[in-house]
Each structure stands twice: as C-alpha cells, then as structure tokens.
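Participant: Going down the list, the protein sequences come from chains A and B.
Residue numbers for the first sequence follow the numbering used here, beginning at 12 and rising by one.
Residue numbers for the second sequence follow the numbering used here, beginning at 4 and rising by one.
Structure incoming, see below.
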Amino acid sequence: MWKWFHMLASPPHFYRIAGITIPWFAWPALVLILFGLWGGLVKAPMDYQQGEGFRIFYVHVPSAIMSMFIYSTMAIAAGIGLIWRMKLAHAVAAASAPIGAWFTFCALATGSLWGKPMWGTWWVWDARLTSELILLFLYLGYIALRSSIDDPQRADRASAVLALVGVINLPIIHYSVVWWNSLHQGSTMFNPGAMSIEMKWPALAMLFGFMLYYGAVLFVRLRAEVIRRERNAAWLREELAR
Amino acid sequence: MNLSDFFYMGGYAAFLWPAYVLVLSVLVYNIWAARRAHQEARRAAARRLQMEETRS
C-alpha cells in the first residue's frame with residue numbers, strides 16, 4: 012500500500028496517471044452538468060413562492076457548496092503538506108485555489124442576481140453574504156501570498172498556514188443562517204423534506220458534475236505544478252520530447 | 004410550454020439567464036486557464052532544460 016502510494020506521489024508517475032485520468036473526470040462531468048441544466052431549467056416544477064426565479068438555485072447552491080468543498084480540500088492538502096512535507100499535497104492546495112476562488116465568485120454573483128428580484132437588493136451585509144465574501148478574500152490572499160514568495164518551499168509553507176487559519180471561516184459560513192438573523196434562507200438541499208425529489212435531483216446532478224469538473228481541472232493544474240517543481244531533468248526531457 | 008415562455012422564465016429572465024451564462028462562462032474559462040498554465044509550464048521547462056544543456 013505505502014509502496015504504491017509513494018509511486019503515485021513520484022512526479023513522473025503522477026504526471027502520467029493524471030493525464031490518463033482527466034478524461035474520466037471531464038466527460039462524466041459534462042454529462043452530469045448538461046443533465047442538471049436540463050433538469051433544473053426544464054423538468055423541475057416551479058417554486059410556489061418564487062416562481063421560475065428559484066431556478067437560479069441550480070447554479071447558485073452547487074457553486075456555493077463547491078466554494079467550501081474546495082477550500083476544505085485545499086486546507087487538508089496544505090495540512091498534509093506541512094506535517095508530512097509532501098510536495099504533491101502542497102501542489103494540490105496551490106492548484107485548487109484559483110478554481111475555488113472562481114466558484115466563490117460564482118456563488119456571490121448568482122446570489123446577487125437571485126437577491127435582487129427576491130429580496131429587492133443586490134447585496135446586504137449579513138452574516139452569510141459577508142462570510143462568503145471573506146472566503147473569496149481568503150482565496151485571493153492565498154494566491155497573492157504564494158505569488159509574492161519566490162522560493163517554492165517557503166511559499167508552500169507560508170500559504171499552508173494561511174489556508175489552515177482560514178478554515179475557521181467554513182463553520183461560520185455554514186451556520187451563519189442559524190446563528191444570526193439573515194435574509195438568506197436556511198439550508199434546503201440537506202434538509203429532509205424541504206424539497207421534493209423532482210426539485211432536488213437536478214441540483215445533485217449539478218453538484219456531482221461540478222465535483223468531477225473540479226477533479227478534471229485540478230489534475231490539469233496539478234500537471235503544471237508538477238512540471239514547475241521538477242528539477243530532475245531526465246524524465247522531464249523524455250516527457251517534453253513527446 | 005413554448006420556447007418564448009421558456010426564455011421569459013416567468014419574468015425572471017433578466018436575473019436568471021445572466022446567472023446561468025456567468026457560471027457556464029466561468030466553467031469554460033477555468034478549463035482554458037488550466038490548459039494554458041499546463042502549456043506554459045511545459046514551455047518554461049523546455050527552455051530551462053535547453054539552457055542547462057548549452058551551459059554544460
């Protein structure tokens with residue numbers, strides 16, 4: 012098991028295996044997202060309070076879940092990198108940050124587009140929205156910190172500490188609608204009985220599609236990270252000659 | 004339901020369609036950006052290897 016693990020973590024093996032794996036994430040992701048779009052825009056019945064406008068749900072909620080899921084992945088990878096000094100784990104954290112930042116941006120922007128017709132405002136400084144905005148700043152701070160340090164090992168360690176400190180924001184986002192009074196509605200997706208199955212399955216399809224999509228994009232970015240960090244010329248020369 | 008009803012979205016079209024277009028554009032952009040980062044890393048590595056070769 013450990014032998015296999017070390018082999019996978021060795022740059023040439025990882026680079027090759029990642030290359031083979033990407034389509035296995037990408038194509039199912041495309042199918043699930045298309046399925047989710049069709050379900051969310053066409054098949055799902057309209058909401059009795061929000062009419063057709065609630066369909067923003069199908070891009071907003073999966074984006075918001077991804078923004079937090081990717082941050083958790085990033086923080087766990089950064090922690091593994093710090094404790095076991097695994098370069099590949101640091102690479103996972105570094106490669107996740109831009110993807111997570113974009114999902115956070117999507118969650119905020121689609122939330123704003125949903126808020127205007129339903130609440131009458133694009134933005135309120137309430138706990139849910141503010142903590143999600145802080146998540147975006149955490150991602151951007153992480154990316155800025157990495158790019159400001161030239162030495163990759165120091166950049167890995169410093170940014171990993173930032174990623175771990177930022178974890179405190181995740182439960183705040185999650186429980187913000189419970190702890191504080193908020194315009195933002197509570198959780199419907201993981202609240203049994205809040206949504207009928209015809210309404211829920213397109214959101215689940217979108218969410219799993221987004222997760223596989225994240226896997227595919229992460230692996231492309233990881234391959235770039237592996238090359239950037241590689242000093243052992245032999246396999247790289249062979250690989251680049253292909 | 005006909006097609007114009009579908010695009011009208013019960014009056015929410017001005018909010019709903021931008022949200023969908025935005026998210027899908029971000030998804031496409033991220034694929035492009037990741038592939039570009041990979042290509043750039045390959046090019047940079049090729050340059051580095053060539054420099055090492057000429058030096059030795």
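Virtual Cβ for every residue (Gly too), placed ideally from N, Cα, C.
#1: Is any beta-carbon of chain A found at less than 7 Å from that of B:L6?
#2: Please go through the same chain and pick out, in chain order, the residues whose beta-carbon is closer than 6 Å to the beta-carbon of A:I145, but skip the five residues on each side of it.
#3: Assess, as a yes-or-no matter, whether the segment 94-109 of chain A is touched by the segment 227-245 of chain A under the definition of 3 or more beta carbon pairs within less than 8 Å.
#4: Using a Cβ-Cβ cut-off of 7 Å, state whether A:E63 counts as contacting chain B.
#5: Roughly how many angstroms separate the alpha carbons of A:A75 and B:T57, rounded to a whole number?
#6: Rounded to the nearest angstrom, what separates B:P21 and B:F9 at their Cα positions?
#7: Please report how far the alpha carbon of A:P203 lies from the alpha carbon of A:A55, in whole angstroms.
#8: Determine which residues of the segment 215-230 of chain A have a Cβ less than 7 Å from any Cβ of chain B, and write them out in chain order.
#9: Measure the C-alpha to C-alpha separation of A:P182 and A:G226 and round it to an integer number of angstroms.
#10: Hey, does B:R58 have any beta-carbon neighbour from chain A nearer than 7 Å?
#11: Can you list the residues of chain A that B:M12 reaches, using a CB-CB cut of under 9 Å?
#12: Do A:W113 and B:V26 have their beta-carbon atoms positioned less than 7 Å apart in this structure?
#13: For a cutoff of 7 Å on Cβ pairs, would you count A:T121 as touching chain B?
#14: Please report how far the alpha carbon of A:E250 lies from the alpha carbon of A:L151, in whole angstroms.
#15: Would you identify the three-state DSSP class for A:G204, choosing helix, strand or coil?
#16: Would A:G90 and A:L223 qualify as a contact pair, given that the criterion is a beta-carbon distance under 7 Å?
#17: So, with DSSP's three-state summary, where would you put A:G62?
Facilitator: Looking at the atomic coordinates:
#1: Your numbering for residue 6 of chain B matches position 3 in the second sequence. By this cut-off, B:L6 is not an interface position.
#2: Numbered from its first residue, the first sequence carries residue 145 of chain A at position 134. N180.
#3: yes
#4: Residue numbering aside, residue 63 of chain A sits at position 52 when the first sequence is read from its first letter. Answer yes: the Cβ-Cβ gap between A:E63 and chain B drops below 7 Å somewhere.
#5: On the first sequence, position 64 is the one that residue 75 of chain A refers to. On the second sequence, position 54 is the one that residue 57 of chain B refers to. One C-alpha to the other measures close to 50 Å.
#6: To locate residue 21 of chain B, count along the second sequence from 1; it is residue 18. To locate residue 9 of chain B, count along the second sequence from 1; it is residue 6. About 15 Å.
#7: In the first sequence, the residue the question calls residue 203 of chain A occupies position 192. In the first sequence, the residue the question calls residue 55 of chain A occupies position 44. Roughly 18 Å separates the two Cα atoms.
#8: Y224 and V228
#9: Sequence index remark: in the first sequence, residue 182 of chain A carries index 171 (1-based). Sequence index remark: in the first sequence, residue 226 of chain A carries index 215 (1-based). So the two alpha carbons sit approximately 24 Å from each other.
#10: Walking along the second sequence from the start, residue 58 of chain B turns up at place 55. Taking Cβ atoms only, chain A never reaches closer than 7 Å to B:R58, which makes this a no.
#11: In the second sequence, counting from the first residue as 1, residue 12 of chain B sits at position 9. The answer, in chain order, is L52, G62, E63, G64 and R66.
#12: Along the second sequence, one-based indexing puts residue 26 of chain B at 23. Along the first sequence, one-based indexing puts residue 113 of chain A at 102. Cβ atoms of B:V26 and A:W113: not closer than 7 Å.
#13: Along the first sequence, read from residue 1 onward, the residue named residue 121 of chain A stands at position 110. Yes, its Cβ sits closer than 7 Å to a Cβ of chain B.
#14: The residue labelled residue 250 of chain A in the question sits at position 239 within the first sequence. The residue labelled residue 151 of chain A in the question sits at position 140 within the first sequence. Rounded to whole angstroms, A:E250 to A:L151 spans 32 Å at the Cα level.
#15: The residue given as residue 204 of chain A occupies position 193 in the first sequence. DSSP places A:G204 in coil when its eight states are reduced to three.
#16: For this step, residue 90 of chain A is matched to residue 79 along the first sequence. For this step, residue 223 of chain A is matched to residue 212 along the first sequence. Not closer than 7 Å, so no.
#17: Taking the first sequence and counting its residues from 1, the one referred to as residue 62 of chain A is at position 51. Three-state result, A:G62: strand.
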